[in-house]
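K.L.:
Quick mapping for you: the protein sequence lines, in order, are chains A and B. Here the first sequence stands for residues 1 to 325, where the numbers follow full-length UniProt numbering. Here the second sequence stands for residues 1 to 325, where the numbers follow full-length UniProt numbering. Ideal placement from N, C-alpha and C gives every residue a C-beta, glycine not left out. Since we're looking at a predicted model, the values are computed, not measured.
Number of protein chains: 2
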Amino acid sequence: MAVYTEISDEALRAFLADYDLGELLAFRGIAEGVENSNYALKTSEGGDFVLTLYEKRVDPAELPWFLGLMRHLASQGLSCPLPVAGRDGIALRELAGRPAAICTFLPGVWPRRVRQEHCAPLGAALAMLHAAGEGFRAERPNGLGPRAWAPLLERCREGGDAVQPGLVAELEGHLSGILREWPRGLPRGHIHADLFPDNVFFLEQERGTPRVSGLIDFYFACTDHLAYDIAICLNAWCFEPDLAFNITKARALLGAYQALRPLSGAELEALPVLCRGAAIRFLLTRLYDWTHTPPGALVTRKDPLEYLRRLRFHAAAKDVGAYGL
Amino acid sequence: MAVYTEISDEALRAFLADYDLGELLAFRGIAEGVENSNYALKTSEGGDFVLTLYEKRVDPAELPWFLGLMRHLASQGLSCPLPVAGRDGIALRELAGRPAAICTFLPGVWPRRVRQEHCAPLGAALAMLHAAGEGFRAERPNGLGPRAWAPLLERCREGGDAVQPGLVAELEGHLSGILREWPRGLPRGHIHADLFPDNVFFLEQERGTPRVSGLIDFYFACTDHLAYDIAICLNAWCFEPDLAFNITKARALLGAYQALRPLSGAELEALPVLCRGAAIRFLLTRLYDWTHTPPGALVTRKDPLEYLRRLRFHAAAKDVGAYGL
Chain A
1 MAVYTEISDE
11 ALRAFLADYD
21 LGELLAFRGI
31 AEGVENSNYA
41 LKTSEGGDFV
51 LTLYEKRVDP
61 AELPWFLGLM
71 RHLASQGLSC
81 PLPVAGRDGI
91 ALRELAGRPA
101 AICTFLPGVW
111 PRRVRQEHCA
121 PLGAALAMLH
131 AAGEGFRAER
141 PNGLGPRAWA
151 PLLERCREGG
161 DAVQPGLVAE
171 LEGHLSGILR
181 EWPRGLPRGH
191 IHADLFPDNV
201 FFLEQERGTP
211 RVSGLIDFYF
221 ACTDHLAYDI
231 AICLNAWCFE
241 PDLAFNITKA
251 RALLGAYQAL
261 RPLSGAELEA
271 LPVLCRGAAI
281 RFLLTRLYDW
291 THTPPGALVT
301 RKDPLEYLRR
311 LRFHAAAKDV
321 GAYGL
Chain B
1 MAVYTEISDE
11 ALRAFLADYD
21 LGELLAFRGI
31 AEGVENSNYA
41 LKTSEGGDFV
51 LTLYEKRVDP
61 AELPWFLGLM
71 RHLASQGLSC
81 PLPVAGRDGI
91 ALRELAGRPA
101 AICTFLPGVW
111 PRRVRQEHCA
121 PLGAALAMLH
131 AAGEGFRAER
141 PNGLGPRAWA
151 PLLERCREGG
161 DAVQPGLVAE
171 LEGHLSGILR
181 EWPRGLPRGH
191 IHADLFPDNV
201 FFLEQERGTP
211 RVSGLIDFYF
221 ACTDHLAYDI
231 AICLNAWCFE
241 PDLAFNITKA
251 RALLGAYQAL
261 RPLSGAELEA
271 LPVLCRGAAI
281 RFLLTRLYDW
291 THTPPGALVT
301 RKDPLEYLRR
311 LRFHAAAKDV
321 GAYGL
């Protein structure tokens with residue numbers, strides 16, 4: 001459920017007066033989104049927008065990079081939120097004491113239940129995202145990449161075994177293997193790094209194939225192995241609710257991706273360890289939140305153990321054949 | 001923060017297939033609203049709508065009355081959500097195991113901070129609502145009216161004094177006076193009964209007077225003294241954040257209301273006790289929620305003591321002069 005900053009009418013009106021968007025016609029908090037506060041905005045000139053207030057998890061110094069990347073991706077024809085500048089040409093502004101930006105509204109609905117038909121369009125969209133990112137020169141290191149994992153696990157040491165006895169020791173075992181085998185020299189670029197179903201909008205017709213209408217929420221984007229983004233998607237899209245791996249979905253995702261950007265031999269070989277890394281990354285941040293969130297907080301904690309199941313699956317994968325290739 | 005029922009894509013698509021609204025273009029949870037789950041919906045035919053799933057606080061048997069009242073009010077020209085019927089002519093349907101209805105979208109923004117300029121348009125809108133309700137024959141008793149207050153207080157007896165020592169005894173004193181003086185024979189009609197600022201949308205221009213663009217959330221509406229609705233609005237709109245009563249706002253509200261429907265002598269005389277009743281009604285439901293909500297629940301509890309301050313103000317009011325008349 002969304003963090004939710006209250007904005008006074010006066011502050012909102014003063015904020016909008018710096019844009020060429022006309023009069024305010026509607027303004028409603030959006031329930032989706034955990035990291036930031038999002039509001040659906042409708043104005044007399046331009047229609048629908050999304051206003052985002054960046055809450056404390058986002059480092060304000062990094063916002064120009066995120067907004068710059070989104071502007072670059074949109075200029076390359078990718079359907080993603082396009083930051084809207086005020087009259088002075090500046091998109092990153094301040095509202096209610098927080099950094100804030102208005103972006104274009106994207107049509108579409110994120111899939112509450114992933115079907116096989118979503119996975120090929122997703123794979124193609126991911127490859128298009130990776131291609132569209134070329135030419136954006138500034139890099140952003142992955143703050144939740146391999147170097148962050150051991151310190152994260154260390155900070156979960158106290159609470160981790162209460163979640164499941166023996167968990168910390170099992171994770172230490174996995175982690176040392178992952179870090180030892182972590183690949184070097186794979187093709188790099190800008191990755192989304194959080195492309196879960198709620199960040200991918202689809203338009204579907206009654207009996208047609210769903211098509212991707214937009215990608216959102218680039219606030220974990222960074223510069224890293226492109227194939228690591230695929231590994232994140234395999235974790236996020238290809239496990240069923242009972243946590244069984246759906247190899248048909250994986251094959252569809254990988255096939256559509258490779259139709260646009262074929263993976264190198266080194267990338268294919270690295271896929272299992274990249275998947276283990278992606279699983280432990282989400283496991284660790286969830287475990288951290290789980291063990292550090294006071295029970296009464298207005299936040300839905302996500303179960304970290306779902307990712308332990310995924311991690312074990314990847315650890316058992318002999319090679320890329322486990323993913324349908 | 002909104003209750004939030006997850007709806008699968010298949011269920012949503014099947015639900016929408018029963019309407020003539022075209023393809024689904026957008027679907028997002030709305031953060032506002034406590035009682036029900038609300039979703040902003042955009043479709044290719046007809047544009048914006050609000051989908052409401054009625055959660056457990058609403059009695060399904062009463063929904064036809066609420067939707068019927070909204071349909072009647074809209075037919076009289078009042079700007080309120082108009083239930084949209086499916087192809088079979090039925091507006092009240094089922095989705096995700098809950099009663100559900102799609103209503104038209106209303107433009108406007110509810111005032112996060114009430115200014116004096118909001119109060120005259122509010123008073124006029126309230127009078128128009130009361131006039132528009134005439135001709136809707138079915139009645140709904142006020143389930144949170146005077147008869148409900150003593151039982152509610154009884155159920156708060158255990159936890160009440162923990163909120164503030166002596167609270168239960170003070171409320172018993174107020175309540176017996178209110179019930180003794182409660183008026184009979186005042187003009188009756190359909191009232192909103194929950195017309196707080198978040199249920200009133202305004203459109204404002206840069207330097208113009210705000211105008212009411214719509215009233216929403218009729219799920220407490222009932223048939224009662226019309227002046228009791230005014231008393232609720234005086235409580236909800238005319239106290240400052242420090243809980244000082246703003247007589248200028250009250251005068252604006254009452255003046256604009258009376259320009260459309262002058263209050264009778266009996267109504268004017270009853271206004272202070274109606275205000276005390278409205279204050280104790282919201283105090284008691286908040287106190288009940290406060291003392292019965294587990295600390296870890298995902299619900300924002302509202303401070304009941306804000307209404308004790310209001311109640312004391314009304315109890316000290318000698319006559320309608322205290323409200324600026």
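So, does the CB of A:V109 fall closer than 8 Å to a CB anywhere in chain B?
P.N.:
Looking up residue 109 of chain A in the first sequence gives position 109. With 8 Å as the cut-off, A:V109 counts as an interface residue toward chain B.
K.L.:
Do three or more CB pairs link the region 217-236 of chain A to the region 195-203 of chain A at distances below 8 Å?
P.N.:
Verdict: yes, contact present.
K.L.:
For B:L21, which of helix, strand or coil comes out of DSSP?
P.N.:
The residue labelled residue 21 of chain B in the question sits at position 21 within the second sequence. Three-state DSSP puts B:L21 in coil, outside helix and strand.
K.L.:
Is there contact here, the region 59-77 of chain B with the region 145-158 of chain B, by at least three beta-carbon pairs under 8 Å?
P.N.:
Too few Cβ pairs lie closer than 8 Å, so no.
K.L.:
Which residues of chain A have a Cβ atom closer than 9 Å to the Cβ of B:P6, listed in chain order?
P.N.:
Counting from one through the second sequence, the residue named residue 6 of chain B turns up at place 6. Going by the sequence as given, residue 6 of chain B is Glu instead of Pro. Simply R112.
K.L.:
Which two residues bound the contiguous beta strand (DSSP E) that contains A:N38?
P.N.:
As a working mapping, residue 38 of chain A is identified with position 38 in the first sequence. Taken as a continuous stretch (DSSP letters only), the beta strand (DSSP E) holding A:N38 covers 37-43.
K.L.:
Just verifying my parser: in three-state terms, what is the DSSP assignment at B:T223?
P.N.:
Taking the first residue of the second sequence as position 1, residue 223 of chain B is located at position 223. Strand.
K.L.:
What distance in whole Å lies between the Cβ atoms of A:L152 and A:Y288, which are believed to be in contact at a cut-off of 8 Å?
P.N.:
Within the first sequence, the letter at position 288 stands for residue 288 of chain A. Within the first sequence, the letter at position 152 stands for residue 152 of chain A. The Cβ separation is near 6 Å, so the contact holds.
K.L.:
Counting C-beta neighbours from all protein chains within 10 Å, is the total for B:H190 16 or more, i.e. buried, or is it exposed?
P.N.:
Walking along the second sequence from the start, residue 190 of chain B turns up at place 190. B:H190 should be labelled buried.
K.L.:
Name the two residues that bound the continuous beta strand (DSSP E) containing B:S213.
P.N.:
Start at 1 with the first residue of the second sequence, and residue 213 of chain B comes out as number 213. 211-215 is the span of the beta strand (DSSP E), which, as asked, contains B:S213.
K.L.:
Just verifying my parser: in three-state terms, what is the DSSP assignment at A:P83?
P.N.:
Within the first sequence, numbered from 1, the residue matching residue 83 of chain A stands at position 83. In the structure shown, A:P83 sits in a strand (DSSP, three-state: E or B).
K.L.:
Quick one, which of A:A322, A:K302, A:R261 has its alpha-carbon nearest A:V273's?
P.N.:
Residue 273 of chain A sits at position 273 when you count from the first residue of the first sequence. Checked all of A:A322, A:K302, A:R261; the closest Cα to A:V273 is A:A322.
K.L.:
By alpha-carbon positions, which one of B:H174, B:R261, B:E10 ends up nearest to B:L308?
P.N.:
Locating residue 308 of chain B in the second sequence gives position 308, counting from the first residue. Considering only alpha carbons, the answer is B:H174.
K.L.:
Tell me which residues of the region 24-37 of chain B have at least one Cβ-Cβ distance to chain A shorter than 9 Å, keeping chain order.
P.N.:
Correct list: L24, L25, A26, F27, R28, G29, I30, A31, E32, S37.
K.L.:
If you drop the 5 nearest sequence neighbours on each side, which residues of the same chain put their C-beta closer than 7 Å to that of A:E35?
P.N.:
On the first sequence, position 35 is the one that residue 35 of chain A refers to. The residues are E55, R57, V58, Y219.
K.L.:
Taking the beta carbon of A:A125 as the centre, do at least 16 other beta carbons fall within 10 Å, making it buried, or is it exposed?
P.N.:
For the purposes of this step, residue 125 of chain A is identified with residue 125 of the first sequence, where counting begins at 1. Classification for A:A125: buried.
K.L.:
Compute the Euclidean distance between the alpha carbons of B:G22 and A:G68, then round it to the nearest angstrom.
P.N.:
If you number the second sequence from 1, residue 22 of chain B lands on position 22. If you number the first sequence from 1, residue 68 of chain A lands on position 68. Each residue's Cα considered, the two are about 36 Å apart.
K.L.:
Is the Cβ of B:Q164 closer than 8 Å to any Cβ of chain A?
P.N.:
Counted from its first residue, the second sequence places residue 164 of chain B at position 164. Not one chain A Cβ lies under 8 Å of B:Q164.
K.L.:
Straight-line CA distance for B:P210 to A:G86?
P.N.:
As a position in the second sequence, residue 210 of chain B is number 210, starting the count at 1. As a position in the first sequence, residue 86 of chain A is number 86, starting the count at 1. Distance between the alpha carbons of B:P210 and A:G86 is about 25 Å.
K.L.:
Which parts of the region 161-192 of chain A are runs of the beta strand (DSSP E), unbroken and 3 residues or longer, counting only runs that do not cross its ends?
P.N.:
Within the region 161-192 of chain A, the complete beta strand (DSSP E) runs of at least 3 residues are 188-191.
K.L.:
Out of B:I247, B:Q205, B:L268, B:A278, state which residue places its alpha-carbon closest to the alpha-carbon of B:C233.
P.N.:
If you number the second sequence from 1, residue 233 of chain B lands on position 233. Taking only the C-alpha atoms, the option nearest B:C233 is B:A278.
K.L.:
Is the region 232-252 of chain B in contact with the region 111-125 of chain B, if contact means three or more CB pairs nearer than 8 Å?
P.N.:
The region 232-252 of chain B, when compared against the region 111-125 of chain B, does touch it at the 8 Å Cβ threshold.
K.L.:
Specify, as a first and last residue, the run of the alpha helix (DSSP H) that B:C238 falls within.
P.N.:
In the second sequence, counting from the first residue as 1, residue 238 of chain B sits at position 238. First-last for B:C238: undefined, no H or E at that position.
K.L.:
If you measure between the beta carbons of B:P81 and B:L92, is that distance less than 8 Å?
P.N.:
Your numbering for residue 81 of chain B matches position 81 in the second sequence. Your numbering for residue 92 of chain B matches position 92 in the second sequence. No.
K.L.:
Which residues mark the beginning and the end of the beta strand (DSSP E) in which B:L203 is found?
P.N.:
Looking up residue 203 of chain B in the second sequence gives position 203. Where B:L203 is concerned, the enclosing beta strand (DSSP E) stretches over 200-203.
K.L.:
Which stretch, first to last residue, makes up the alpha helix (DSSP H) that contains B:T248?
P.N.:
Sequence index remark: in the second sequence, residue 248 of chain B carries index 248 (1-based). Run containing B:T248: 247-260, per the alpha helix (DSSP H) assignment.
K.L.:
In the structure shown, what three-state DSSP assignment does B:V3 receive?
P.N.:
The sequence position of residue 3 of chain B within the second sequence is 3, counting from 1. Any reading at B:V3 must be qualified, since the residue scores a pLDDT of 49, below 50, and its modelled position is unreliable; the value itself is stated next. Note: B:V3 maps to coil in three-state DSSP.
K.L.:
For A:I30, is the classification buried or exposed, using 16 other Cβ atoms within 10 angstroms of its Cβ as the cut-off for buried?
P.N.:
By 1-based counting over the first sequence, the position of residue 30 of chain A is 30. Classification for A:I30: buried.
K.L.:
Do A:F202 and A:L106 count as a contact pair if the criterion is CB distance below 8 Å?
P.N.:
As a working note, residue 106 of chain A is residue 106 in the first sequence. As a working note, residue 202 of chain A is residue 202 in the first sequence. Contact: no.
K.L.:
By the 10 Å Cβ neighbour count, where 16 or more other Cβ atoms means buried, how is B:A132 classified, buried or exposed?
P.N.:
Taking the first residue of the second sequence as 1, we reach residue 132 of chain B at position 132. It is buried - the Cβ of B:A132 has at least 16 other Cβ atoms within 10 Å.
K.L.:
Is the beta carbon of A:H72 closer than 8 Å to that of A:L129?
P.N.:
By one-based count along the first sequence, residue 129 of chain A stands at place 129. By one-based count along the first sequence, residue 72 of chain A stands at place 72. No; because the gap between Cβ atoms is not below 8 Å, this pair is not in contact.
K.L.:
Relative to the C-alpha of B:W290, which candidate in B:R312, B:V163, B:L271 has its C-alpha closest?
P.N.:
Counting from 1 along the second sequence, the entry for residue 290 of chain B is found at position 290. It is B:V163 whose Cα lies nearest to the Cα of B:W290.
K.L.:
Could you spell out where the alpha helix (DSSP H) holding A:L126 opens and where it closes?
P.N.:
By one-based count along the first sequence, residue 126 of chain A stands at place 126. 116-133 is the extent of the alpha helix (DSSP H) around A:L126.
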